[in-house]
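Heads up: the structure comes next, in structure tokens.
Residue numbers (the working numbering), protein chains in the order written: chain Z, 232 to 590; chain R, 232 to 590.
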């Protein structure tokens, strides 16, 4: 998608066989890119959330394996890079999926061809992510068209949580792809953007990318979405996910569960958009998903722009009070209206998933 | 309650017939008091949230009327002060209750006795608030004792939203009064403190006052409470309220509704603590409660301490993105386990309220 009129992906290979990414830890305060020169750089970028979003984490990890192979194409180096990258984030399953795919593509190859093979495979993962997101967008667009048809020209009010836009992927996004397509074809849409504490991916990334594309939106505190649903001011919700279990339970950014409860209580459709690489067929239900516990500092501190434009971090809470910071929660399948995937829309259940993705 | 070993109320009369309040807009970063010398000062303190919390707003407004009578004890000045103070915040009903009480006490009095009468009445409102909160605490304490008895000595995990502690009242608090009493009698309690965006009353005020009293607590993002309920780590919720309608619907800080939904979904008791002055017998249900729309800046900016200790406000969101900021939401009575009042605990319904407060 475009920033300041220039088309970007979130990650792209450089001519010198290193990798460029948009430095998302510095958004929305400044637009900058970061060069990743090694598997360690990639792991660090994932851990520090320079790159984030389940699909983009997978793509970055794939390039991490490729960069490891550039330095040392041995079997030992391959295993070591896979282990290091797998340990960066526990919840997103795309990470594991991308690493398994890199392993499968590389482990039987001769050392001489491993780097070239890995480089091509990482690029293929990125290109496929773009195609998959475009397909998710096209399927979701049909839902938005139908919902908009009931609004008599009034804007379709869509609530989203966290960032499942193109910044979370390689391009297009998952939850936001249908919104971009609806906006581009002239459907009036307005997005309620949950700020998504504690890391504020909504206020900083979703608002940023919607604004850059010209999509009308309003940032709200995470607390406000239920009130707007009660007031009839949300037509549907759409979010992304970091892992969907076989029964249709959905791990996503902390707080997603609360919005799904409010949607259910108010008869508001609640959709989850996902590439099939997010489905974890090995887990029976959401209670088995490991939930990442992140730093208390994310709750206790906040970064932003001082009046002069300089970036500063302030401590916002009572001095000495501790904080806890679970990164994700699990929304039970019973609260989800449908999954929007690259192969179409299905009900959130094992049968639903199998109807689109027979194993 | 105590700060640094000294007992404070949130508001108290000075010898020079002005009023001192704790400046809560500067907490938790610094402890300071502010002098209110006129009804205008009181209105400004309420609007700028130097004082906040439904009971304290009522007490401050009462002193505002008294200060107006000190300057000019005419009927016109009385009406004008009542109107100005009533317009400061639309949602809390204690404000209207306190102003009506001041009106009723003063309007038939001679000009010569109005100030002395008003000063005594404002002091009586404060003293009664303390007594009422102490009674709420005693009734809530029984609930906490019973819940703690099932924990085999493990800490009782209580979740609260916003600040309904002594800083929201004159002393003791509503939702936090039972917690202070339980802690003081040796029951092991631990409070999950919702940070309560956008004004962060949880992270800044609830954490501050619990910390000052030595009550174990953990600040969490508003998004996290549902996850902890799913994980069985919340034994009960207790919150305050700004207005309860005749049928038992509860207006409280934005986001309360989402926690009540999660409590219901997980079988966690959800209590609302309130003085009877918070009951609005004139409204049939919560849909009639006016919801205050506050400044977008509260969502887009955040104030805190820079590393050197200076206080700074930073812009945290994508530049140019708009925000909306409803201050309250309505939790339907069906999601509430019980009301904890100064006369005991009742079910959240018209019959329940009437059983304690026959009209």
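Ideal Cβ positions, reconstructed from N, Cα and C, are used throughout, including at glycine.
What is the DSSP secondary structure of residue i, counted as helix, strand or coil?
i	result
residue 411 of chain Z	helix
residue 495 of chain R	helix
residue 390 of chain R	strand
residue 564 of chain R	helix
residue 545 of chain Z	strand
residue 280 of chain Z	coil
residue 373 of chain R	helix
residue 251 of chain Z	strand
residue 474 of chain R	strand
residue 450 of chain Z	strand
residue 512 of chain Z	coil
residue 585 of chain Z	helix
residue 533 of chain Z	strand
residue 244 of chain Z	strand
residue 421 of chain Z	strand
residue 344 of chain R	helix
With C-beta atoms as the reference, is residue i less than 8 Å away from residue j?
i	j	result
residue 471 of chain Z	residue 395 of chain Z	yes
residue 361 of chain R	residue 333 of chain R	no
residue 475 of chain Z	residue 509 of chain Z	yes
residue 520 of chain R	residue 514 of chain R	yes
residue 489 of chain Z	residue 454 of chain R	yes
residue 499 of chain Z	residue 567 of chain Z	no
residue 419 of chain R	residue 384 of chain R	yes
residue 330 of chain R	residue 274 of chain R	no
residue 551 of chain Z	residue 570 of chain Z	no
residue 337 of chain Z	residue 345 of chain Z	yes
residue 355 of chain Z	residue 300 of chain Z	no
residue 430 of chain Z	residue 280 of chain Z	yes
residue 312 of chain R	residue 353 of chain R	no
residue 410 of chain Z	residue 363 of chain Z	no
residue 452 of chain R	residue 556 of chain Z	yes
residue 264 of chain Z	residue 254 of chain Z	yes
residue 401 of chain Z	residue 286 of chain Z	yes
residue 590 of chain R	residue 512 of chain R	yes
residue 572 of chain R	residue 507 of chain R	yes
residue 322 of chain R	residue 482 of chain R	yes
residue 294 of chain R	residue 250 of chain R	yes
residue 427 of chain Z	residue 486 of chain Z	yes
residue 377 of chain R	residue 387 of chain R	no
residue 232 of chain R	residue 444 of chain R	yes
Residues of chain R with CB closer than 8 Å to the CB of residue i, please, in chain order.
i	result
residue 533 of chain Z	533, 535, 545 and 547
residue 435 of chain Z	547, 548 and 549
residue 439 of chain Z	549 and 552
residue 455 of chain Z	485, 486, 555, 556, 557 and 560
residue 352 of chain Z	Chain R residues near residue 352 of chain Z: none, gap ~34 Å exceeds 8 Å.
What distance in whole Å lies between the Cβ atoms of residue j and residue i, which are believed to be in contact at a cut-off of 8 Å?
i	j	result
residue 289 of chain Z	residue 339 of chain Z	The Cβ separation is near 22 Å, so there is no contact.
residue 554 of chain Z	residue 291 of chain R	Not really, about 31 Å apart at Cβ, beyond 8 Å.
residue 277 of chain Z	residue 320 of chain Z	6 Å
residue 574 of chain Z	residue 559 of chain Z	Between residue 559 of chain Z and residue 574 of chain Z the Cβ distance is about 25 Å, and since that is not below 8 Å, they are no contact.
residue 242 of chain Z	residue 282 of chain Z	7 Å
residue 260 of chain Z	residue 305 of chain Z	The Cβ separation is near 41 Å, so there is no contact.
Show which residues of chain Z have a CB atom less than 8 Å away from the CB atom of residue i.
i	result
residue 590 of chain R	Ordered by position in chain Z, no residue passes the 8 Å Cβ test against residue 590 of chain R, which lies about 29 Å from the chain.
residue 358 of chain R	Per Cβ cutoff of 8 Å: no residues; residue 358 of chain R is ~28 Å from chain Z at best.
residue 496 of chain R	492
Interface residues of chain Z around residue i at Cβ under 9 Å?
i	result
residue 450 of chain R	527, 530, 531, 548, 549, 552, 553, 554 and 555
residue 386 of chain R	By Cβ distance, chain Z contributes nothing, its closest Cβ being about 14 Å from residue 386 of chain R, past 9 Å.
What does residue i reach in chain R if we use C-beta pairs closer than 7 Å?
i	result
residue 411 of chain Z	The contacting residues do not exist; residue 411 of chain Z stays about 16 Å from chain R at best.
residue 429 of chain Z	452
residue 582 of chain Z	Those within 7 Å of residue 582 of chain Z in chain R number zero; the least Cβ separation is about 24 Å.
Using a Cβ cut-off of 9 Å, pull out every chain R residue sitting near residue i, in sequence order please.
i	result
residue 561 of chain Z	458 and 461
residue 524 of chain Z	What residue 524 of chain Z touches in chain R: nothing, since even the nearest Cβ is about 11 Å away.
residue 493 of chain Z	488, 489 and 492
residue 261 of chain Z	Correct list: empty, because the minimum Cβ distance to chain R is about 10 Å.
Going along chain Z, which residues have a C-beta under 7 Å from residue i?
i	result
residue 287 of chain R	Correct list: empty, because the minimum Cβ distance to chain Z is about 18 Å.
residue 294 of chain R	Those do not exist, as residue 294 of chain R stays about 27 Å from chain Z at its closest Cβ, beyond 7 Å.
residue 442 of chain R	549, 551 and 552
With three or more C-beta pairs closer than 8 Å as the rule, is the stretch 435-443 of chain R touching the stretch 382-399 of chain R? yes
Does the stretch 347-361 of chain Z come close enough to the stretch 538-545 of chain Z that 3 or more CB-CB pairs lie under 8 Å? no
Would you call the stretch 494-507 of chain Z in contact with the stretch 527-536 of chain Z, where contact means no fewer than 3 C-beta pairs closer than 8 Å? no
If we count Cβ pairs, one from each stretch, closer than 8 Å, do we get three or more for the stretch 544-564 of chain R versus the stretch 457-464 of chain R? no
Kindly confirm or deny that the stretch 398-409 of chain R and the stretch 365-379 of chain R touch, where touching means at least three C-beta pairs closer than 8 Å. yes
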